[in-house]
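The sequence shown: position 119 = 120 (my numbering), numbered continuously. We treat Cβ as the ideally placed atom computed from N, Cα and C, and that holds for glycine. Have a look at the structure below, then the notes.
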Amino acid sequence: MKEDFIVDGIHFSDSQEAKKAQKELDGIEYIKKTNDMKNPKVLLALYNKFIEHQLFQTEIGKRFLTEIKEELIKSPSIKKGEISGYQEEIEKRTEDRKKKEEVKKKVFQIEKEKKEREKYKYKYYNSLILNIILVITIILLFVLTATSGNVTILNYENKLLDKYSSWQMQLEQKEKELKEREKALIEKEKY
2 MKEDFIVDGI
12 HFSDSQEAKK
22 AQKELDGIEY
32 IKKTNDMKNP
42 KVLLALYNKF
52 IEHQLFQTEI
62 GKRFLTEIKE
72 ELIKSPSIKK
82 GEISGYQEEI
92 EKRTEDRKKK
102 EEVKKKVFQI
112 EKEKKEREKY
122 KYKYYNSLIL
132 NIILVITIIL
142 LFVLTATSGN
152 VTILNYENKL
162 LDKYSSWQMQ
172 LEQKEKELKE
182 REKALIEKEK
192 Y
């Protein structure tokens, strides 16, 4: 089981790191006792020296540096450009913000393109279904036309031939009947 080391409320999993944090905590207490921590000029000089020499490496030291920086930023007598690393931090934040905005734009663009594809995919499938229905309807119309009894452009020749041949058969039948009647009348007159 791993042992936890606590220094000023912060957990450290490594005893060396905890010892380093304890040294920084002792140094911070000494700095607070020996310096006027209410004077913004003293705070600025200390902060810039700490940053320049990178004196604080643990969470305790970084927390102390953050507290000093916040006091310096609040102070009206200190110009922000005098605070060591302040401009770089602002530039980094600005750069990070720009990167986040670019990522958001890319994500938005990808989502927009995805929605467009979905929209066209939906339209494509609707169009495909409609075209299939139209093709089936046209085929059914041709089948109905070919099998119906009405004269159409597709079967007019056959229908006309059938009609004329049936008329011809009827005429021939009537002609035959008339000839038989005529014959019967002629025979009756002979008697």
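State buried or exposed for residue i, treating a residue as buried only when at least 16 other CB atoms are found within 10 Å of its CB.
i: I84; result: buried
i: N8; result: Reading off the sequence shown, one finds Val at residue 8, where the question assumed Asn. Result: buried.
i: G62; result: buried
i: K177; result: exposed
i: K70; result: buried
i: Y48; result: buried
i: F109; result: exposed
i: M2; result: Confidence at M2 is low in this model, with a pLDDT of 45, below 50, so the placement of that residue is unreliable and no value is reported for it.
i: A19; result: buried
i: L73; result: buried
i: I29; result: buried
i: L45; result: buried
For residue i and residue j, what's the separation of their Cα atoms in angstroms?
i: L142; j: S166; result: 28 Å
i: Y125; j: E117; result: 12 Å
i: K81; j: Y121; result: 54 Å
i: L172; j: L179; result: 10 Å
i: K24; j: K101; result: 38 Å
i: Q169; j: L131; result: 49 Å
i: S149; j: S128; result: 31 Å
i: I111; j: Y123; result: 18 Å
i: K189; j: K175; result: 21 Å
i: T95; j: L135; result: 59 Å
i: Y31; j: M38; result: 12 Å
Could you check how far apart the C-beta atoms of residue i and residue j are, in whole angstroms? I think they sit under 8 Å.
i: A22; j: T59; result: 4 Å
Excluding sequence positions up to five away, which residues of its chain have a Cβ less than 7 Å from the Cβ of residue i?
i: K16; result: One detail in the question is off: residue 16 reads as Ser in this sequence, not Lys. Once the five neighbours on either side are set aside, the close Cβ partners of S16 are F6.
i: I79; result: P41, L45, L73
i: L26; result: V8, D9, I61
In chain order, what residues of the same chain lie with their CB nearer than 8 Å to the CB of residue i, ignoring the 5 residues before and after it?
i: K164; result: none
Ignore the nearest five residues each way along the sequence and tell me which others in residue i's own chain have a CB closer than 6 Å to its CB.
i: L56; result: none
Worksheet item: At which residue ranges does the segment 13 to 66 contain complete beta strand (DSSP E) runs of 3 or more residues, listed in the order of the chain?
Response: At a cut-off of 3 residues, not a single continuous stretch assigned as beta strand (DSSP E) sits fully inside the segment 13 to 66.
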